[in-house]
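Visitor:
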Amino acid sequence: MAQTAISVSDFSFRYREAKGYAVRHLSFEVEEGGFLCVVGSNASGKSTLCNALVGLIPHHFRGKSRGSVRVFGESVAERSVAETSSEVGFVFQNPFNQLSYTTDTVAEELAYGLCNRGVPRDEMERRVIEVARAIHLEGLLDRNPLELSGGQVQRVALGSTLILNPRILVLDECTTQLDPLGSEEIFDIVKRLNSDGMTIVMVDHDMERVARCADTVLALERGNQVALGTPREVFGDEHITDHGVDVPDYVRITRALDRAGLAPGEVELTEEPTVDRVREALGR
Ligand SMILES: Nc1ncnc2c1ncn2[C@@H]1O[C@H](COP(=O)(O)OP(=O)(O)OP(=O)(O)O)[C@@H](O)[C@H]1O
Ligand SMILES: [Mg+2]
Numbered sequence: 002m003a004q005t006a007i008s009v010s011d012f013s014f015r016y017r018e019a020k021g022y023a024v025r026h027l028s029f030e031v032e033e034g035g036f037l038c039v040v041g042s043n044a045s046g047k048s049t050l051c052n053a054l055v056g057l058i059p060h061h062f063r064g065k066s067r068g069s070v071r072v073f074g075e076s077v078a079e080r081s082v083a084e085t086s087s088e089v090g091f092v093f094q095n096p097f098n099q100l101s102y103t104t105d106t107v108a109e110e111l112a113y114g115l116c117n118r119g120v121p122r123d124e125m126e127r128r129v130i131e132v133a134r135a136i137h138l139e140g141l142l143d144r145n146p147l148e149l150s151g152g153q154v155q156r157v158a159l160g161s162t163l164i165l166n167p168r169i170l171v172l173d174e175c176t177t178q179l180d181p182l183g184s185e186e187i188f189d190i191v192k193r194l195n196s197d198g199m200t201i202v203m204v205d206h207d208m209e210r211v212a213r214c215a216d217t218v219l220a221l222e223r224g225n226q227v228a229l230g231t232p233r234e235v236f237g238d239e240h241i242t243d244h245g246v247d248v249p250d251y252v253r254i255t256r257a258l259d260r261a262g263l264a265p266g267e268v269e270l271t272e273e274p275t276v277d278r279v280r281e282a283l284g285r
């Protein structure tokens with residue numbers, strides 16, 4: 002049986018200067034090898050939850066916490082951020098927050114975390130090349146990290162996390178600076194890592210992609226957990242949009258076909274079955 006990778010139990014957090022709680026009574030688990038997508042409108046608490054999963058809450062962001070966040074059974078509040086980050090890699094929403102600002106080249110930036118862990122030089126070089134190849138950074142290794150485009154910095158941020166080979170990868174809207182092709186490339190990499198056994202927690206606004214990737218969807222609204230289930234359970238609930246949660250276009254199309262009596266049936270989440278239903282509606 003798979004081990005529990007993440008266990009969040011009745012977790013609430015209020016930032017020190019804030020009036021209200023940023024997240025309230027969150028409770029869910031992620032099995033090792035699972036793929037959880039966190040969705041919700043702006044300010045719904047997605048980044049706050051990510052900060053809690055990697056221990057930045059309560060160690061970096063001060064405030065009032067309740068309940069618990071555990072990673073492989075260990076409470077993040079009772080361990081240092083360094084200990085938690087040996088198992089949980091985090092790719093920030095703003096990739097510029099992730100740069101060390103102490104290195105002269107992308108290669109050094111990628112190796113930065115390995116240096117801190119005392120990895121031997123030849124292994125470090127091997128891993129830099131391996132990661133650079135995986136996320137198409139080979140041509141940038143000699144460049145200054147501060148002279149890159151936003152999308153390039155986003156790849157470097159992902160690379161500097163992947164190089165540490167975390168058991169859990171938390172991605173907070175990690176492709177906002179990338180063009181559609183660049184984003185898809187990153188998601189293909191993330192999906193491959195997940196197939197190889199890495200546990201993924203991903204915040205994303207692209208619901209078609211969420212429906213394709215996630216085994217579980219957690220929806221937040223103003224800090225509250227409003228849905229938790231498979232993509233079909235969450236997006237198939239016709240009231241989910243009342244909570245500011247968008248749904249894949251395929252859901253809207255197939256629901257409209259069902260309501261109009263043109264192609265009755267359950268909602269679909271992906272392209273192929275939706276095309277079949279449109280064909281059915283057109284009588285071909
Ligand atoms: N450092 C902070 N100090 C005080 N309040 C904060 C801080 N960071 C976030 N908040 C507040 O907590 C709430 C949740 O914010 P959070 O950044 O977690 O939302 P989000 O779902 O990630 O939003 P977005 O989609 O815009 O990234 C918001 O009301 C926000 O103003
Ligand atoms: Mg955010």
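The opening residue of the sequence shown carries number 2 in this note's numbering; numbering runs sequentially from there.
In this text, a Cβ means the ideal position worked out from N, Cα and C, and glycines have one as well.
None of the values given here were measured: they were computed from a predicted structure.
#1: Given Thr162, which residues of its chain have a CB within under 6 Å of its CB, disregarding the five upstream and five downstream residues?
#2: Taking Asp143 as the reference, give the member of Ala112, Gly183, Pro265, Arg223 with the closest Cα.
#3: Within 10 angstroms of the Cβ of Leu147, are there 16 or more other Cβ atoms? Answer buried if so, exposed if not.
#4: Give me the Cα-Cα distance between Val72 and Ala6, rounded to the nearest whole angstrom.
#5: How far does the beta strand (DSSP E) with Lys192 in it extend, from its first residue to its last?
#6: With 16 other CB atoms within 10 Å as the buried threshold, where does Ala108 fall?
#7: With Cys175 as the anchor, note down where its beta strand (DSSP E) starts and where it stops.
#8: Could you round the C-beta distance between Asp205 and Cys51 to whole angstroms and report it? I think they count as a contact, below 8 Å.
#9: According to DSSP, is Ile58 part of a helix, a strand, or is it coil?
#10: Return the CA-CA distance between Asp189 and Val276, expressed in angstroms with no decimal places.
#11: Pick from Ile169, Glu84, Ile164, Ile201: whose alpha carbon is nearest that of Arg127?
#12: Out of curiosity, what's the CA-to-CA distance linking Ile169 and Arg285?
#13: Please enumerate, following chain order, all residues with a beta carbon closer than 6 Å to at least one heavy atom belonging to ligand 1.
#14: Assuming Ala23 contacts Gly224 under a Cβ cut-off of 8 Å, what Cβ separation, rounded to an integer in Å, is found between them?
#15: Once you ignore the five residues that flank Pro249 on each side, which residues in its own chain have a CB closer than 7 Å to its CB?
#16: What are the partner residues of Tyr16, as DSSP defines its beta bridges?
#17: How would you label Cys116, buried or exposed, when you count the other beta carbons within 10 angstroms and need 16 or more for buried?
#18: Within this structure, are the beta carbons of Glu124 and Val157 separated by less than 7 Å?
#19: Taking Val107 as part of the alpha helix (DSSP H), name the residues at either end of that continuous run.
#20: Quick one: complete beta strand (DSSP E) runs, 3+ long, within the region 63 to 97?
#21: Tell me which same chain residues have a C-beta within less than 8 Å of the C-beta of Ser42, skipping the five on either side of it?
#22: Cβ atoms of Ser10 and Ser28: under 7 Å apart, would you say?
#23: Look at the alpha carbon of Val268 and the alpha carbon of Ile254, and state the distance between them as a whole number of angstroms.
#24: Keeping to the same chain, check which residues put their C-beta closer than 7 Å to that of Ile136; ignore five residues upstream and five downstream.
#25: Give the straight-line distance between the Cα atoms of Glu32 and Ser76, rounded to the nearest whole angstrom.
Guide: Walking through what the data contain:
#1: Gly90, Val92.
#2: Among Ala112, Gly183, Pro265, Arg223, the Cα nearest to that of Asp143 belongs to Ala112.
#3: Looking at its Cβ environment, which holds fewer than 16 other Cβ atoms inside 10 Å, Leu147 is exposed.
#4: Going from the Cα of Val72 to the Cα of Ala6 covers about 6 Å.
#5: Run containing Lys192: none in the beta strand (DSSP E); it sits in the alpha helix (DSSP H), 181 to 196.
#6: So Ala108 ends up on the buried side.
#7: That residue, Cys175, is in no beta strand (DSSP E); it is neither H nor E in DSSP.
#8: Between Cys51 and Asp205 the Cβ distance is about 12 Å, and since that is not below 8 Å, they are no contact.
#9: Three-state DSSP puts Ile58 in a helix.
#10: Approximately 23 Å between the Cα atoms of the pair.
#11: Comparing Cα-Cα distances from Arg127 to each of Ile169, Glu84, Ile164, Ile201, the minimum goes to Ile164.
#12: Rounded to the nearest angstrom, the two C-alpha atoms are 46 Å apart.
#13: Listed by chain position, these are Tyr16, Glu18, Ala19, Ala23, Gly41, Asn43, Ala44, Ser45, Gly46, Lys47, Ser48, Thr49, Phe62, Gln94.
#14: At roughly 6 Å, the Cβ-Cβ gap stays under 8 Å, so Ala23 and Gly224 are in contact.
#15: Within its own chain, the residues whose Cβ lies closer than 7 Å to the Cβ of Pro249, once the five positions on either side in sequence are excluded, are Met208, Glu209, Ala212, Phe236, Leu270, listed in chain order.
#16: Looking at the DSSP assignment, Tyr16 forms a beta bridge with Gly64.
#17: Looking at its Cβ environment, which holds fewer than 16 other Cβ atoms inside 10 Å, Cys116 is exposed.
#18: Between Glu124 and Val157, the CB-CB gap reaches or exceeds 7 Å.
#19: Boundaries of the alpha helix (DSSP H) around Val107: 107 to 117.
#20: Within the region 63 to 97, the complete beta strand (DSSP E) runs of at least 3 residues are 64 to 72, 89 to 92.
#21: Excluding residues within five positions, the ones whose Cβ falls inside 8 Å are Glu222, Gly245, Val246.
#22: Their beta carbons are under 7 Å apart, which means Ser28 touches Ser10 by this criterion.
#23: It is roughly 8 Å from the alpha-carbon of Val268 to the alpha-carbon of Ile254.
#24: Once the five neighbours on either side are set aside, the close Cβ partners of Ile136 are Arg156, Leu159, Gly160, Ile190.
#25: As the crow flies, the alpha-carbon of Glu32 is around 16 Å from that of Ser76.
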